[in-house]
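Notes to accompany the following structure.
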Amino acid sequence: MAAPKKAVLGPLVGAVDQGTSSTRFLVFNSKTAELLSHHQVEIKQEFPKEGWVEQDPKEILQSVYECIEKTCEKLGQLNIDISNIKAIGVSNQRETTVVWDKLTGEPLYNAIAAPVSPGPSDPVAVAPSGSSVPAAGTSSVWLDLRTQSTVENLSKRIPGNNNFVKSKTGLPLSTYFSAVKLRWLLDNVEKVQKAVREDRALFGTIDSWLIWSLTGGANGGVHCTDVTNASRTMLFNIHSLEWDKDLCQFFGIPKKILPNVRSSSEIYGLMKISHSLKAGALEGVPISGCLGDQSAALVGQMCFRDGQAKNTYGTGCFLLCNTGRKCVFSDHGLLTTVAYKLGRDKPVYYALEGSVAIAGAVIRWLRDNLGIISSSDEIEKLAKEVGTSYGCYFVPAFSGLYAPYWDPSARGIICGLTQFTNKCHIAFAALEAVCFQTREILDAMNRDCGIPLSHLQVDGGMTNNKILMQLQADILYIPVVKPSMPETTALGAAMAAGAAEGVGVWSLEPEDLSAVTMERFEPQINAEESEIRFSTWKKAVMKSMGWVTTQSSESGDPSIFCSLPLGFFIVSSMVMLIGARYISGIP
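Per the UniProt record's numbering, the very first residue in the sequence shown carries number 1; after that it's consecutive.
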């Protein structure tokens, strides 16, 4: 019996989507943007000490190999010829830092991890004024905090009102970004110090590690990164698009260990993966796209015009607004970052980025801490039962407030409770809180760039909640648009790879972009009601502020003897009381 004919689908493009908790490889049809197959592998995080978060770079690389192999097997089962895969793109968790030996290909230390998603405050991010404020986009759960003292020491070297770091990078001095993690490795890991002295060390974020390894590793691997990932290191000048000599000197980073910075869409090298894997069939396929995950989602959502914005709803939210070729600096605590540069000779585009600290995390808190739901999906059902919060407002400032308030002393509150309030109203208020926080960031973006949004494009796991999406449209009072194909991050990396010069299988011209089916949520309340609800939310936020008056009130020794004077007073009072009872003969 003749073998079944392989399906002819035209050029295909693969995308490695490497995140903090999992790795995936996805294959798209470049003519229709249809997802044909994918495979996902979970990866572990290690917590060697409190506040330290690490991952094994070799496990991450092996997970990529496994995902490529399994996806190719699945395509074979679908009778899809994998020789039609013409290019591969990479999208990755940003800021996570790796240093490895270029002669052996061995990591010199575990990868120091970045957050899974934005979360509560980073206590040692330094604002332009020099005061300590939370940094946009940090996470108390996953953020590696070992570099706090590094940041504090560096901040002392910056004059109070000097925007030295932010003016060049668009970023605040923070434990979140790669430069201070790399500085910690150079200060504390002898193997890294020795390799740097002997000219064997290479540094990179996860994209660099993967591209170097997949293009040959110690046998001619290409050491590069793209402008979006470079812009998250705090070493990259976002104006000149080069590693900045002054920043490298400030952080004490030798430029020789840094990767070459390339555009987000060009051929970096060809795949040379292990022949022990069936995925060796992809040998020679160009790796030609590279974007940090949030930039990849912006491209995947096709936000190519000034003022277009996307919001990714996960544990927290990442909001990016395309500001075009103009580098806009925020007066409201947002980050300025490189959005993309889709070709060596193409212009660079910038974005403003803000984050909502607690989004999906508030649903998990209701499930794990209060127990009012048994699964995250249940919250939509509870909220639907009542259709209103009945005047109940939930401010989930579990570890302080982010932009535009920047108050690390704030704490979470639920207010407006009555005897009528039940768990359904609290569930509804929790969903509203995600939407109100998103509006605060988008209002800040509007003020910074002066481009009012006509609609908001959304993606991420929480967008499956239709109540949440409708609430978001009502509270923003603009339409919310959700693509039917949810894999926007991987799609963005695939688009960049397929469009690269020398590949040319994916056109990014507006008239050629595939029409993506969208689900649209229009505001269903009037503008006045939307404003009233938002102003009441802001009133609730003010109630949450200034809650923590001293550090010791939360983190100090709970013992009554933690205060020496109070301890002496209590001990002496007890002695006097016992003595008095003894003298008076009271039993």
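Using N, Cα and C, we set each Cβ at its ideal position, and we do this for glycine too.
Note: N163 is not bridge-paired with any residue in the DSSP secondary-structure output. Between P286 and L270, the gap from beta carbon to beta carbon is short of 8 Å. For the UniProt domain "Carbohydrate kinase FGGY N-terminal" (13-113), the continuous beta strand (DSSP E) assignments of 3+ residues that do not extend past its boundaries occur at 22-29, 35-42, 85-92 and 97-101, in sequence order.
Proximity to S37 across Q45, F25, F47 and K31 peaks at F25, based on C-alpha coordinates. When C-beta atoms of the region 452-466 are compared with those of the region 307-320, three or more pairs fall below 8 Å, so the two segments count as touching. Here the region 81-97 lies against the region 281-301, with 3 or more beta-carbon pairs under 8 Å apart. In terms of CA proximity to Q524, I478 leads the group A540, I478, A499 and T489.
Around the beta carbon of F236, 16 or more other beta carbons lie within 10 angstroms, which makes this residue buried. With fewer than 16 other beta carbons inside 10 angstroms of its own, P254 counts as exposed. Assignment of E242 by DSSP, reduced to helix, strand and coil, places it in the strand class.
Counting only runs of 3+ residues, the beta strand (DSSP E) found wholly inside the region 449-509 occupies 456-459 and 480-483, in chain order. With contacts defined by Cβ atoms closer than 8 Å, G461 and G314 form a contacting pair. Using a Cβ distance threshold of 8 Å, P396 and E440 do not count as a contacting pair.
About 21 Å separates the CB atoms of N465 and E529; that is not less than 8 Å, and the two are not in contact. For N311, DSSP records a beta bridge to L319 and V458. The residue from V548, A179, L171 and E385 with its alpha-carbon nearest to that of T150 is A179.
Distances from the CA of H332 to each of R232, R367 and W406 were compared; the closest alpha carbon is that of W406. Short of 8 Å from the beta carbon of C424, and not among the five residues preceding or following it, lie these beta carbons of its own chain, in chain order: L382, A383, E385 and V386.
Residue ranges of uninterrupted beta strand (DSSP E) with 3 or more members, entirely inside the UniProt domain "Carbohydrate kinase FGGY N-terminal" (141-300) and ordered along the chain, are 201-205, 224-226, 260-262, 265-270 and 286-292. P510 counts as exposed, since fewer than 16 other C-beta atoms from the protein chains shown sit within 10 angstroms of its C-beta.
Classified as exposed, D246 has fewer than 16 neighbouring CB atoms from the shown chains inside 10 Å of its CB. As computed with DSSP, I373 is found in no beta bridge at all. Around the CB of E69, 16 or more other CB atoms lie within 10 Å, so the residue is classed as buried.
Here the alpha carbons of C248 and I85 stand approximately 39 Å from one another. Contact between the region 185-194 and the region 91-111 is present: 3 or more CB-CB pairs across the two stretches fall below 8 Å. In the displayed model, S399 falls within coil according to three-state DSSP, outside both helix and strand. For T536, there is no enclosing beta strand (DSSP E); the residue is found in the alpha helix (DSSP H) stretching over A527 to S544.
Taken through DSSP and simplified to helix, strand or coil, F436 comes out as helix. Ranked by Cα distance from V503, the options G284, T517 and R183 are led by G284. The DSSP-derived three-state label of I363 is helix.
Beta bridge pairing from DSSP links V548 with no other residue. The region 483-503 and the region 334-348 touch, with three or more beta-carbon pairs separated by less than 8 Å.
Listed as beta-bridge partners of Y390 by DSSP are no residues whatsoever. In the DSSP assignment, R411 falls outside any beta strand (DSSP E) and carries neither an H nor an E.
The C-beta distance from G300 to G492 rounds to 3 Å, short enough to fall under 8 Å.
In the three-state DSSP reduction, F329 falls in the coil class, being neither helix nor strand.
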